[in-house]
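One rule links them: number in our numbering = place in the sequence shown (from 1) + 1.
Cβ coordinates follow ideal geometry from the N, Cα and C atoms, glycine included.
Structure, as structure tokens:
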Amino acid sequence: MKPSPIWTARASRKAPTPGAPCAPSWKTPSPAASSAKARSRCIRGVPATSSPLRQTRGVLTLHTMDTWPTTLSKFGLDDPFEPARAAPRMRKALRDATPFMDVKPPALERVEDLTVPGAAGDIPARLYVPFGSAEPAPTCLFMHGGGYVIGDIETHDRLCQRLAAHGGVRVLAIDYRLAPEHPFPAAVEDCQAVFDWLVGEGGQARIGADPARIAVAGDSAGGGLAAMLGQTRRSAIRFQLLIYPLLQLVERRKPKPKVLEGHLLANFTLEQVARAYLSDLDQAADTRVSPLLENDLAGLPPAHIFAAELDPLLDEGKAYRDRLLALGIPVGYTLGKALPHGYANLTAILPGTKPIIDQMAIALGDGLRG
């Protein structure tokens with residue numbers, strides 16, 4: 002990596018009308034999905050689409066929705082979650098699949114690549130600036146998901162663009178080091194280093210961040226890293242956006258219905274995550290790995306948790322919500338009914354997820370400006 006920050010304008014588009022946030026452009030679900038009969042049989046709010054999903058009277062059902070491997074095979078893509086696959090191939094497979102899984106994002110004023118100094122070297126990052134963003138600007142640090150093994154800026158590029166555009170805030174996404182090449186605590190150290198840079202002079206001078214209006218956000222493993230920052234940097238954070246967060250690697254989760262097998266995430270996958278991420282399984286008790294185990298949650302920043310009903314991580318998200326609420330910490334909670342883990346990156350496969358992603362962006366914007 003080069004020793005100094007790199008700034009490369011990646012996108013510059015003209016806005017229809019200056020201002021932030023931009024209005025969401027999602028279409029509402031089809032009328033068929035709103036009928037009582039449809040609600041009893043379908044993934045709520047998810048209209049039918051053409052291939053790779055089958056159609057059943059205009060809606061998708063749990064029994065007709067293709068499994069994750071089947072969906073990828075229709076595009077001739079490798080399954081990035083195949084346990085026997087080497088990590089580099091897994092990462093490439095997910096990057097290759099992303100354009101087929103996620104629809105085109107909204108326009109932004111600019112998107113820039115840069116690097117942030119870290120203890121082990123420069124950390125790649127990407128800044129998303131919405132139209133009408135004046136400095137110093139409310140800014141969110143985003144950590145991608147992928148079980149600490151896969152995922153990167155590219156796989157979550159479209160989600161970050163939506164959060165920035167519809168939330169009217171700047172988003173800084175980072176490529177923290179991944180396991181198994183870089184086991185715990187490498188990812189934690191990278192996230193803490195970027196956060197400290199963001200709230201310091203670097204963030205103010207380089208990207209125009211307002212240190213008084215900083216949020217953390219992430220999905221899955223990235224949501225766990227965001228929760229970790231919420232605990233270890235609590236006094237400097239205004240808001241937390243936790244998207245189906247992975248909050249513990251200690252306890253075995255309750256078995257989920259058989260219909261969920263093959264849909265992106267299962268308990269056996271989480272066991273593989275622990276083996277890849279931790280050099281010693283006893284490290285799972287470290288609260289930087291399992292934020293749900295932290296005893297002292299007093300003074301944490303307000304949060305909004307977005308959950309997926311068809312997700313092994315559902316229970317721990319609820320448990321974290323309940324603990325924060327018991328301490329009087331403001332917590333919003335949105336459950337994606339009959340949606341699988343990872344739905345925020347599946348807008349092309351599950352179009353009904355678009356409104357809930359709008360809610361994520363709005364919650365982020367409100368949390369930083371409130």
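By the C-beta density criterion, Leu247 is buried, having at least 16 other C-beta atoms within 10 angstroms. DSSP places Tyr344 in the helix class (H, G or I) of the three-state scheme. In this structure, DSSP gives Gln249 a state outside helix and strand, which the three-state scheme calls coil. In this structure, the CA atom of Gly329 is about 33 Å from the CA atom of Leu128. Taking a cut-off of 8 Å on C-beta distances, the segment 106-121 does not touch the segment 232-241, as fewer than three cross pairs fall below it. Residue environment analysis places Asn346 among the buried positions, since at least 16 neighbouring C-beta atoms fall within 10 angstroms of its C-beta. The Cβ neighbour count for Asp323, taken over all protein chains shown within 10 Å, is under 16; the residue is labelled exposed. Looking from the CA of Pro107, the closest CA among Ala222, Ala120 and Asp158 belongs to Asp158. In the three-state DSSP reduction, Tyr129 falls in the strand class (E or B).
DSSP, read as helix, strand or coil, puts Asp103 in coil. Annotated three-state conformation of Thr156 is coil, per DSSP.
For Val170, the closest alpha carbon among the candidates Phe143, Leu179 and Phe196 is that of Phe143.
If you draw a straight line from the Cα of Leu271 to the Cα of Pro313, it comes to about 9 Å. DSSP places Leu95 within a helical segment (H, G or I) once states are collapsed to three. The shortest C-alpha to C-alpha distance from Ala135 to any of Arg163, Arg214, Gly368 and Gly147 is the one to Arg214. Each residue's CA atom was taken as its position, placing Ala275 and Pro89 some 18 Å apart. Beta-bridge pairing by DSSP links Leu336 to Ala308. In the three-state reduction of the DSSP assignment, Asp281 falls in the coil class.
In this chain, the beta strand (DSSP E) harbouring Asp220 covers Ala210 to Asp220. According to the DSSP assignment, Asp114 belongs to the beta strand (DSSP E) that extends over Arg111 to Gly119. The three-state secondary structure of Ala227, taken from DSSP, is helix.
Cβ neighbours of Ala222 within its own chain (closer than 7 Å, five residues either side excluded): Gly146, Gly147, Gly148, Tyr149 and Leu247.
By the neighbour-count definition (other C-beta atoms within 10 Å, threshold 16), Leu242 is a buried residue.
Judged by DSSP in its simplified three-state form, Pro356 adopts helix. Secondary structure of Gly169 (DSSP, three-state): coil. For Leu199, the uninterrupted alpha helix (DSSP H) run begins and ends at Ala187 to Val200, by DSSP. Scanning its chain for C-beta atoms nearer than 7 Å, with the 5 sequence neighbours on each side dropped, one finds around Pro137 the residues Gln205, Gly209, Ala210 and Asp211, in chain order. The Cβ atoms of Val217 and Gly203 lie no closer than 8 Å to each other. Under the three-state reduction of DSSP, Asp287 is assigned to coil, being neither helix nor strand. Looking at the DSSP output, Thr140 sits in a beta bridge with Arg171 and Ile215. When the five nearest sequence neighbours on each side are left out, the beta carbons in the same chain lying within less than 7 Å of the beta carbon of Gln249 are those of Ser291, Leu293, Leu294 and Glu317, in order along the chain. Assignment of Leu315 by DSSP, reduced to helix, strand and coil, places it in the helix class. If the five residues before and after Asp191 are omitted, its C-beta is found closer than 6 Å to the C-beta atoms of Gly119, Ile124, Tyr177 and Arg178, all from its own chain and listed in chain order.
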